[in-house]
Amino acid sequence: MPARANANRPAPQTITDTDDATEYVVALAGNPNTGKSTVFNHLTGLRQHTGNWPGKTVTRAEGTFTHAGCRFRLIDLPGTYSLLADSADEQIARDYLLFDQPDCTVVVCDATLLERNLHLVLQVLQITPRVVVCANLIDEADRKQIALEAHAIEGELGVPVVPTAARSGTGLDRLVERIHAVATNAVSLTPAAVVFDAEIEEAVAELTAQLNQTFPALPAARWIALRLLDGDAHVERALRDGRLVGKTDAAHSVGETQS
Ligand SMILES: Nc1nc2c(ncn2[C@@H]2O[C@H](COP(=O)(O)OP(=O)(O)OP(=O)(O)O)[C@@H](O)[C@H]2O)c(=O)[nH]1
Ligand SMILES: [Mg+2]
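Taking the numbering used here, the leading residue of the sequence shown gets 488, the next gets one more, and so forth.
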């Protein structure tokens, strides 16, 4: 098996087989019908296989590609408008980003409906800063005379934004190059934060501090605090049964934190 790499994990371990490339895991998220599978097929070609997500009848496609001596494992997540886990698809996408912590998440957006698509981008950015926004269907945007100011949007979001027309392959070289840069920490990421009213921010800060103290290895503590304050039973259960944290941290119960 090739080694996994992630900023939150230890350095890649010694490679034991003939495949000596470091492997990075890349998730493809996005609203339905934005071109995720088209991007996936272009990048992975025939090096892909499909199955089902564990315990679900939702198809899971996985494939690989290489770039600059690195191997990338690409996971095509189900199309979702949000990550609030209201449907099986949303739950799969959200759990994957939270529990599997990919080295890079590409959010494929429809460049003709960018504002609507940015809702999901902002949600993903609350879970992970390791994001590349793929502004796809740029050919359709051109046809509708919608100009995309990728550089300005990149400044606002604090992560790379790459215009693409996946059906013709336009922009995909740049997309791969940016995926590589994010996965290898070669780019500085300043993900846009969603700021709430002072009262909510105060409660979030308090709960985030408690979570960080009790579960030092917890990823996305602020996002989890927001979900707990929103009464998200799924996230609460995941925290209690240790799926969100290492086994040691999970020995603490949420109840103990609050007593
Ligand atoms: N014009 C144009 N069409 C595209 C582009 N990318 C994808 N498409 C088309 O858009 C449609 C949807 O593409 P898919 O790749 O299936 O989109 P998806 O996001 O995987 O869709 P779901 O899995 O159903 O959420 C297909 O007909 C594609 O051929 C593009 O850049 N330009
Ligand atoms: Mg698809």
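We put the beta carbon where it would ideally sit given N, CA and C, even for glycine.
In this text the structure is predicted, and so the values were computed from the model without any measurement.
Remark: C-beta atoms of Asp629 and Val512 do not approach each other more closely than 8 Å. Here His667 is buried, its C-beta having at least 16 other C-beta atoms within 10 Å.
The C-alpha of Leu585 lies about 11 Å from the C-alpha of Gln613.
At a Cβ-Cβ threshold of 8 Å, Val674 and Leu644 do not count as neighbours.
In the three-state reduction of the DSSP assignment, Arg534 falls in the coil class, being assigned neither a helical nor a strand state. Judged by DSSP in its simplified three-state form, Val722 adopts helix.
Gly517 is the residue among Ala572, Gly517, Gly656, Val618 whose C-alpha sits nearest the C-alpha of Arg603. Note: Thr567 is not bridge-paired with any residue in the DSSP secondary-structure output. In this structure, Asp563 has its CB closer than 7 Å to one or more heavy atoms of ligand 2. Thr525 sits close to Arg654, with the two beta carbons spaced by under 8 Å. Here the C-alpha atom of Glu688 lies approximately 21 Å from the C-alpha atom of Ala720.
With contacts defined by Cβ atoms closer than 8 Å, Ala622 and Val663 do not form a contacting pair.
For Ala514, the beta-bridge partners assigned by DSSP are Ile562, Thr592. Going by C-alpha positions, Tyr568 is about 10 Å away from Val608. Approximately 18 Å separates the beta-carbon atoms of Pro616 and Val595; this is outside 8 Å, ruling out the contact.
In terms of Cβ geometry, Val732 and Ala704 form a close pair [threshold 8 Å]. DSSP lists Gln535, Leu561 as the beta-bridge partner residues of Gly550.
For Ala628, the enclosing alpha helix (DSSP H) has its first and last residue at 625 to 630.
The region 561 to 581 and the region 685 to 699 do not touch, with fewer than 3 CB-CB distances between them shorter than 8 Å. When DSSP reads this structure, Asp576 sits in no beta bridge, so it has no partner. Secondary structure of Asp587 (DSSP, three-state): helix.
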